[in-house]
Ligand code: SF4
Ligand code: SF4
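In the working numbering, the protein residues as written are 5 to 374.
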């Protein structure tokens with residue numbers, strides 16, 4: 005088999021620690037402890053290896069990446085290697101001095117998450133009092149420091165009716181881009197599905213809001229929309245295809261084909277402490293397992309869309325069928341599709357607003373959105 009093309013982007017999860025506790029967090033249920041995190045020297049080597057492999061963009065993420073005091077050093081190395089650096093942050097720990105230091109180190113873009121347009125609801129969803137107000141201040145500081153800003157909003161049943169306001173907020177904060185991402189139901193979000201699943205009406209309304217806003221805000225705000233799967237007819241090309249464009253390094257150095265891949269519990273992942281990044285990308289068993297189309301069962305194997313969506317999301321297939329090689333149930337051709345839609349309809353009608361918050365310990369913290 006020929007060597008794969010180099011990946012375009014690397015998601016560097018510097019730490020799973022985070023002051024927020026979002027119930028849809030894409031970090032694994034078993035969060036990695038600070039004790040095992042890669043050192044600055046190890047991350048610097050990962051950045052060098054990524055640049056050598058051909059990575060064009062590094063997204064510094066977490067958890068909360070600003071908890072790492074060596075973040076400036078890592079960004080400076082990315083700049084030295086001529087790799088574009090983007091910071092994905094909850095923002096609440098930033099102040100103007102740190103933002104200036106990050107910009108001076110070479111940071112090129114900031115993606116700031118918001119949990120809702122309304123403070124009370126946002127703080128409840130994120131499990132962090134005062135967080136929303138702080139994020140608004142930080143967004144203004146980012147712009148004042150001359151950095152381009154993207155607002156990230158994960159949407160679900162509890163905030164979807166405020167989508168117009170979320171769009172207006174992004175404009176008001178002078179963001180260049182707004183990413184509206186429907187919750188992907190694996191990991192923490194899977195545990196919170198009954199409280200987060202939107203109704204079909206909400207999703208249809210959201211689709212219309214985004215379409216109208218894209219038109220109205222041309223040249224002002226770019227809106228990227230990650231469509232929801234549960235009411236779709238065909239799945240998304242998750243990660244642009246497994247092992248085709250992206251890779252993810254966790255705080256302890258595990259190399260994953262997708263940030264959620266650890267939700268597939270029958271897989272193991274190599275670490276950058278064991279082998280160089282390029283070797284793992286090129287022939288690591290986790291990358292080879294679902295790369296290309298040879299692994300596909302029917303109906304994907306003979307489907308004309310197999311090189312377009314690559315059979316959809318492996319994590320979703322595993323979460324819903326127990327088989328990571330199954331056709332993504334988001335596809336109308338999957339035998340599990342009807343039960344997935346039924347499940348979405350039942351859960352979205354539930355009245356629950358109780359969350360299982362993301363926690364570093366395994367203790368669950370319950371709360372309500374009022
Ligand atoms: S989704 Fe929420 S809890 Fe998870 S890393 Fe982002 S801000 Fe922190
Ligand atoms: S059958 Fe497979 S390849 Fe075809 S559309 Fe569905 S998920 Fe995509």
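Idealized CB from N, CA, C, for every residue including glycine.
Owing to the predicted nature of the structure, the values given are computational and were not obtained by experimental measurement.
Check: residue i C-beta below 8 Å from any heavy atom of ligand 1
i, result
"residue 388", "Nothing about residue 388 can be read from this structure; the chain reaches only from 5 to 374."
"residue 90", "no"
"residue 362", "yes"
"residue 252", "no"
"residue 196", "no"
"residue 260", "no"
"residue 68", "yes"
"residue 211", "no"
"residue 163", "no"
"residue 134", "no"
"residue 189", "no"
"residue 257", "no"
"residue 94", "yes"
"residue 321", "no"
"residue 24", "yes"
"residue 184", "no"
"residue 130", "yes"
"residue 114", "no"
"residue 158", "yes"
"residue 30", "yes"
"residue 125", "no"
"residue 6", "no"
"residue 117", "yes"
C-beta atoms of residue i and residue j nearer than 9 Å
i, j, result
"residue 242", "residue 319", "yes"
"residue 110", "residue 63", "no"
"residue 86", "residue 55", "yes"
"residue 216", "residue 186", "no"
"residue 117", "residue 95", "yes"
"residue 68", "residue 24", "yes"
"residue 19", "residue 71", "yes"
"residue 175", "residue 225", "yes"
"residue 247", "residue 8", "yes"
"residue 227", "residue 218", "yes"
"residue 300", "residue 329", "yes"
"residue 97", "residue 48", "no"
"residue 260", "residue 283", "no"
"residue 149", "residue 137", "no"
"residue 404", "residue 323", "The shown model of the chain, from 5 to 374, leaves out residue 404, and the question about it has no answer."
"residue 202", "residue 181", "no"
Inter-residue CB distance, residue i and residue j (contact presumed, cutoff 8 Å)
i, j, result
"residue 27", "residue 359", "4 Å"
"residue 53", "residue 280", "6 Å"
* Collect the residues with a C-beta less than 6 Å away from any heavy atom of ligand 2 and give them in sequence order along the chain. => The set, ordered by position in the chain, is 238, 239, 303, 304, 307, 309, 310, 313, 315, 316, 331, 332, 335, 337.
* Asked: What are the start and end residues of each continuous alpha helix (DSSP H) run of 4 or more residues lying completely inside the stretch 304-370, in chain order?
  -> Fully enclosed alpha helix (DSSP H) runs of 4 or longer: 318-325, 341-353.
* Fully enclosed by the stretch 74-129, which alpha helix (DSSP H) runs are 4 residues long or longer? -> The stretch 74-129 contains these whole alpha helix (DSSP H) runs: 75-84, 100-109.
* To do: Please go through the stretch 26-74 and give each complete alpha helix (DSSP H) segment of 4 or more residues, from N-terminal end onward.
  => Here the runs fully enclosed are 44-57.
* Asked: Which runs of the beta strand (DSSP E) spanning at least 3 residues fall entirely within the stretch 206-289, listed in chain order?
  -> Segments of the beta strand (DSSP E) lying fully in the stretch 206-289: 226-230, 250-253.
* Uninterrupted beta strand (DSSP E) stretches inside the stretch 155-207 (no shorter than 3 residues) -> List check, beta strand (DSSP E) in window: 181-186.
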